[in-house]
Amino acid sequence: MKYYDKLVFELSQKGRIGYSLPVNRFPSAPELPVELSREASLDLPEVSEVDVVRHYTNLSQMNFGVDTGFYPLGSCTMKYNPKVNEEVAALPGFTGLHPLMHAGLTKGALKVYQDMNKFLAAITGMDSFTFDPCAGAHGELTGLMIMRQYHMNRGDLARTKVIVPDSAHGTNPASAAVCGLEIVEVKSLENGRVDVEALKPLLDETIAGMMMTNPNTLGLFETQIREITELVHAAGGLMYYDGANMNPMMGVVRPGDMGFDIMHLNLHKTFSTPHGGGGPGSGPVGVAAHLVDCLPEIRVSGFHGNFGVILRAYAYILMLGRQNLKKVGQYSVLSANYIKECLKDAYKLPIEGVCKHEFVFDGLINDGAHDDVHGATTLDVAKRLLDFGFHAPTIYFPLLFHQALMIEPTETESKETIDAFIDVMHKIAAEAAEDPRILQEAPHGTPIKRPDETAAARNPILKFKDAR
Amino acid sequence: MAGFSYIPHTDADIRAMLDRIGVGKVEDLYADVPKEFLKKGPYALPDAMSEGEVRQWLGSLADMNPRMKVFVGAGAYDHYTPSVIPYITSRSEFLTAYTPYQCEISQGTLRYIFEYQSMVCELTGMDISNASLYDGPTAAAEAMKMTVACTKKKTRVLLSKGLLPNVIAVVETYAKFHGVEIGYVPVMNGQTCPNCLRAELAKGDVAGVIVPEINRFGIIEDHAGFADAIHEAKALLVEYCDPSTLAVIKSPAEWGADISVGDGQSLGVPLCYGGPYVGFMGVKKDYMRKMPGRIVGQTTDKDGKRAFVLTLQAREQHIKREKATSNICSNESLMALWVTVYLSLMGPEGLREVNRLSYDGAHYLKDELLKTGQFEDPFPGKPFLKEFVLKPAKHPGLVQNALEKAGFFAALETEEGYVSFCVTEKRTKEEIDALVKTVKEG
Chain G
1 MKYYDKLVFE LSQKGRIGYS LPVNRFPSAP ELPVELSREA SLDLPEVSEV DVVRHYTNLS
61 QMNFGVDTGF YPLGSCTMKY NPKVNEEVAA LPGFTGLHPL MHAGLTKGAL KVYQDMNKFL
121 AAITGMDSFT FDPCAGAHGE LTGLMIMRQY HMNRGDLART KVIVPDSAHG TNPASAAVCG
181 LEIVEVKSLE NGRVDVEALK PLLDETIAGM MMTNPNTLGL FETQIREITE LVHAAGGLMY
241 YDGANMNPMM GVVRPGDMGF DIMHLNLHKT FSTPHGGGGP GSGPVGVAAH LVDCLPEIRV
301 SGFHGNFGVI LRAYAYILML GRQNLKKVGQ YSVLSANYIK ECLKDAYKLP IEGVCKHEFV
361 FDGLINDGAH DDVHGATTLD VAKRLLDFGF HAPTIYFPLL FHQALMIEPT ETESKETIDA
421 FIDVMHKIAA EAAEDPRILQ EAPHGTPIKR PDETAAARNP ILKFKDAR
Chain U
1001 MAGFSYIPHT DADIRAMLDR IGVGKVEDLY ADVPKEFLKK GPYALPDAMS EGEVRQWLGS
1061 LADMNPRMKV FVGAGAYDHY TPSVIPYITS RSEFLTAYTP YQCEISQGTL RYIFEYQSMV
1121 CELTGMDISN ASLYDGPTAA AEAMKMTVAC TKKKTRVLLS KGLLPNVIAV VETYAKFHGV
1181 EIGYVPVMNG QTCPNCLRAE LAKGDVAGVI VPEINRFGII EDHAGFADAI HEAKALLVEY
1241 CDPSTLAVIK SPAEWGADIS VGDGQSLGVP LCYGGPYVGF MGVKKDYMRK MPGRIVGQTT
1301 DKDGKRAFVL TLQAREQHIK REKATSNICS NESLMALWVT VYLSLMGPEG LREVNRLSYD
1361 GAHYLKDELL KTGQFEDPFP GKPFLKEFVL KPAKHPGLVQ NALEKAGFFA ALETEEGYVS
1421 FCVTEKRTKE EIDALVKTVK EG
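Top line first, the protein sequences correspond to chains G and U.
Just so we're aligned, residue 1 is where the first sequence starts under our numbering, counting upward by one.
Just so we're aligned, residue 1001 is where the second sequence starts under our numbering, counting upward by one.
Quick look at the structure:
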């Protein structure tokens, strides 16, 4: 990657254009009233087409994606994004559809939604899905609205609390707060699972439900899930499944069968659609049969959700078919366990045993600290990995460990790629033991070195004109 | 074992990995799952297709949707998409990246988000923007929550009835669960009624007011005096706008807005049956720390080079959990790139030209339709840009059907029984003449 220092505004030359529009053949309508017209200047860049293309091509070359290399970012399921998905999502018969067209003009699009509803129900064991949510957190919010609506419909208005494990994704409590729910945290045991004994006293008539992801954010299967769902249901609550960790369950276990009432899926994780540098995603929400009535009362996006993303996931499921579904779950788990076993001699594994699609180390076993030299941290390991052409794992999450390093390889990586990653992780551990400063000064070979984040927050420069 | 192109594991790989782990078979990796939960029997899914079969099947579905000339807006606008945009946004370095957590290898994403924020601020005149929200209606819902967070202890938010129905519906849904009471300001004579607004404000407890710059009848509203009245009531003014039109009509800042929101779809994003689109938000500096979503800021690296990072993260869910300003995590980053490339190509002149073509085309269509004698103008003399409504002599459904048969998606019925039309720069004079001819013959 080479450093390129322009912003598009800095390429601007007055009078230069990058657009091509038809000649105006209409009679000239009377001018807009002055009191409604813009008076302020409009300082958008004035750039030629070739300059725009080169600028963004240069920017792209400072970016790392799944197509660039291995991206073991825990909890994000950075699997390969198939190219045929892009091709079919760009078909003019889909991209040209206005969202307010009636069913007679959108038969092909509606078929996609109908099939997807059936496919996702089959994969998850839920009854039916809404496709309106545009991301995972949006799905969580929608699911929690459904949970509250269910209780409201029954006149059970006192249920305003939701139980969230301390290992949960940050979006869980945040979504609950947006939905007007109070959060009750339940602790994890030493073995990383929800403490069922600690859960019991929390269950009363104010509990709307409980949010869980299974496997949890440590990549561990919640073995007492049956007891948990029975307890929550007996207390009158509903079970919510955070589908961020659905990948290892593909073709093996269905959330509906585990007793979950509501769930979301991240099509941009489990179903191979590209993350786009932070979206667009799609977070369809599935419900069990007794909650289907609540779906039409919840309107969370402008039209029909992110149709273009749903199309890509549809193509992916058609490629998988019933024959390949199980391979997704199984090989994501196989690869994660393989990495864990190969690296636990150099990185602290706080909880032994089989993991699912991901696992969490708690930093280096030997961080190289001695005398007045500080040891290398998880951040330092992450930054050093960048020098070797790998994306870093998720760091400092979950919050249960101080030096969390969360690794998720997905099923789409070959053993050679994984072995190369393992070698580098060993090499970094050896460097740390010898001289942690190599890690602390990393990355060395990236377009920029570590930035001054404190200055960025203290003196915010958030647009081009702020910088001048 | 039949191979599958997205999964590289060979039998030998699987054996070697299992041996290293110390288990006999892949199923043993699920030994901790209670047996009752292991799915028995096949999944109700179709047989796997080859890539060619997928391409053919999706092609046949796309062909089931007739190709129409779009003369409807109502929150989704058929503007022209320059060829450069999909070419750039499909570069896999952008497309296949995650949220830019590792800034040293994400300067591409971080730079275009910074450019995007700069452009949103330029169009709206606001001080601060974020990295994007899901769509226009959810951006309005975030603004609704934000006005409550910024004006402590107030619980009511007012919505103009001139907002698009889907904006109202989404804000109502969020408000219901967030514990915010919604009040309404009616539309009188084609415009959010100023006297009704003052009356609602006088009732007290108003945190914010959301009004459309261009309302659902296509009329450009006059918001003179709105900001003063709203600020006097210690509430915030939220302007909902179509960013494409801000090149020519008054910006939210010029109306005195505290927050501006809307959908960036009109900036060259394809209709695509409603998504992915891109919600945007611009706010005054005072409200920076109450903003939802990712924000990119400029700084330097340790060698002094200009660098860009995610900043002000103490507002966000991964740090603050339930105390975050919003739950938003993934947003619409790639669509923000889409919009950024669009605005880079169009520049100020191109965007003004798009509006001129749409404006002249829409006025031509309206004049020609009125000349047919089959419509009345419910709002004569009211200023509009690219959208307008007419009151048809016939049943609105009949007008729409006749046009549909001739290949036009037009004359969308409103709740008042009007029909709405929209003209963008993609609509030619020939198309408009053909549409009018169909009306005459119908």
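By construction, the Cβ of each residue, glycine as well, lies at the ideal position given by its N, Cα and C atoms.
Against chain U, which members of the stretch 279 to 306 of chain G pass a CB distance test of less than 9 Å?
Cβ contacts with chain U: G279, P280, G281, S282, G283, E297, I298, R299, V300, S301, G302, F303, H304, G305, N306.
Please report the distance separating the alpha-carbon of U/E1316 from that of U/T1325.
Using only the alpha carbons, I get a separation of about 6 Å.
Would you check if the distance between the CB atom of G/H264 and the CB atom of G/P280 is smaller than 8 Å?
For G/H264 and G/P280, no; Cβs fall outside 8 Å.
Which residues in the same chain as G/R384 place their Cβ atom closer than 6 Å to its Cβ, once the five residues preceding and following it in sequence are excluded?
Around G/R384: I428, L439, A442.
Going along the chain, which unbroken runs of the beta strand (DSSP E) with 3 or more residues stay wholly within the stretch 442 to 468 of chain G?
Fully enclosed beta strand (DSSP E) runs of 3 or longer: not present.
Which residue wins for smallest C-alpha separation from U/I1105, given the options G/C342, G/Y4, G/L295?
Comparing Cα-Cα distances from U/I1105 to each of G/C342, G/Y4, G/L295, the minimum goes to G/Y4.
Starting from U/E1312, find everything on chain G with Cβ-Cβ shorter than 9 Å and list it in chain order.
The sequence as given places Leu at residue 1312 of chain U; Glu does not occur at that position. Near U/L1312 (Cβ distances below 9 Å), the residues of chain G are A456, A457, P460, L462.
Please state if the CB of U/Q1107 and the CB of G/P447 are separated by a distance shorter than 8 Å.
Contact: yes.
Where in the stretch 102 to 182 of chain G do unbroken runs of the beta strand (DSSP E), each at least 3 residues long, occur, reported from the N-terminal end onward?
Entirely contained in the stretch 102 to 182 of chain G, the beta strand (DSSP E) runs reaching 3 residues are, in chain order, 128 to 130, 161 to 165.
Go ahead and pull the three-state DSSP assignment for U/P1194.
The answer is helix: DSSP assigns U/P1194 an H, G or I state.
Which word fits G/R154, buried or exposed, when buried means at least 16 other C-beta atoms lie within 10 angstroms of its C-beta?
It is exposed - the Cβ of G/R154 has fewer than 16 other Cβ atoms within 10 Å.
Looking at C-alpha atoms only, which residue of U/M1126, U/S1251, U/H1178 is the closest neighbour of U/M1146?
It is U/H1178 whose Cα lies nearest to the Cα of U/M1146.
Reducing DSSP to helix, strand and coil, say where U/M1001 ends up.
At U/M1001 the pLDDT is 45, less than 50, meaning the model places this residue with poor confidence; the figure from the coordinates comes in the next sentence. In this structure, U/M1001 counts as coil in the three-state DSSP scheme.
Considering only C-alpha positions, which residue in the set U/L1123, U/A1175, U/K1290, U/F1375 is nearest to U/E1239?
The residue with the shortest Cα to Cα distance from U/E1239 is U/L1123.
Using a Cβ-Cβ distance cut-off of 8 Å, determine whether U/H1079 contacts chain G.
No, U/H1079 lies away from the interface with chain G (no Cβ there is under 8 Å from its Cβ).
For the stretch 309 to 335 of chain G, list every residue whose C-beta sits within 9 Å of some C-beta in chain U, in sequence order.
Flagged, chain order: V309, I310, L311, Y314, A315, Y316, I317, L318, M319, L320, G321, R322, Q323, N324, L325, K326, K327, V328, G329, Q330, Y331, V333, L334, S335.
For G/A429, go through chain U and note every residue whose CB falls closer than 7 Å to its CB, in chain order.
Neighbours of G/A429 on chain U: none; closest Cβ ~18 Å, over 7 Å.
For G/E49 and G/R16, what's the separation of their Cα atoms in angstroms?
If you take the alpha carbons of G/E49 and G/R16, they lie about 9 Å apart.
Given that a residue counts as buried once 16 or more other Cβ atoms are within 10 Å of its Cβ, and exposed if not, what is G/I351?
G/I351 is buried by the Cβ-count criterion.
Given a cut-off of 8 Å, decide if G/R226 and U/V1170 are closer than it, judged by their beta-carbon atoms.
No, the Cβ-Cβ distance between U/V1170 and G/R226 is not below 8 Å.
Roughly how many angstroms separate the alpha carbons of U/Y1134 and G/C134, rounded to a whole number?
Going from the Cα of U/Y1134 to the Cα of G/C134 covers about 6 Å.
For U/T1313, name the three-state secondary structure that DSSP assigns.
The residue you asked about is not Thr; residue 1313 of chain U is Gln in the sequence shown. Here U/Q1313 sits in helix by DSSP.
Under three-state DSSP, which class holds U/D1360?
Reduced to three states, the DSSP call for U/D1360 is helix.
Using a Cβ-Cβ cut-off of less than 8 Å, list which residues of the stretch 1325 to 1341 of chain U approach chain G; keep chain order.
For the stretch 1325 to 1341 of chain U, which is checked against every Cβ of chain G, the residues closer than 8 Å are S1326, N1327, I1328, C1329, S1330, N1331, E1332, S1333, L1334, M1335, L1337, T1340, V1341.
According to a CB-to-CB cut-off of less than 8 Å, which residues of the stretch 1238 to 1272 of chain U neighbour chain G?
Within the stretch 1238 to 1272 of chain U, the qualifying residues are L1246, A1247, V1248, I1249, K1250, S1251, A1253, E1254, D1263, P1270, L1271, C1272.
CB-CB under 6 Å to U/E1115, same chain, minus the five flanking residues each way: which ones, in chain order?
Here the set comprises T1340.
Could you tell me the alpha carbon to alpha carbon distance between U/M1001 and U/V1180, rounded to whole angstroms?
Interpretation of U/M1001 is limited by its pLDDT of 45, a score under 50 that renders its predicted location unreliable; the figure taken from the coordinates is listed afterwards. Their backbone Cα atoms lie some 57 Å apart in a straight line.
Quick one: grab the DSSP three-state call for G/I17.
G/I17 falls in the coil class under three-state DSSP.
So which residues of chain G does U/V1170 contact, with C-beta pairs closer than 9 Å?
Per Cβ cutoff of 9 Å: R299, V300, S301, G302.
Take the Cβ of U/N1195 as the centre, count every other Cβ of all protein chains shown within 10 Å, and call the residue buried at 16 or more, exposed below.
So U/N1195 counts as exposed.
Determine the direct distance from the alpha carbon of G/T213 to that of U/P1270, and round the result to whole angstroms.
Taking the straight line from one Cα to the other gives about 35 Å.
To which residues of the same chain is U/I1168 closer than 8 Å at the C-beta, ignoring the five residues directly before and after it?
Result list for U/I1168: L1159, K1161, in chain order.
Determine, for G/T377, whether the minimum Cβ-Cβ distance to residues of chain U falls below 8 Å.
G/T377 does not count as touching chain U.
Ignore the nearest five residues each way along the sequence and tell me which others in G/N247's own chain have a CB closer than 6 Å to its CB.
The answer, listed in chain order, is T77, T270, S332, H357.
Out of G/P296, G/S282, G/L291, which one is the CA nearest neighbour of G/I310?
If we check each option's Cα against that of G/I310, G/S282 comes out closest.
Once you ignore the five residues that flank U/K1290 on each side, which residues in its own chain have a CB closer than 7 Å to its CB?
Hits under 7 Å: M1146, A1149, C1150, T1325.
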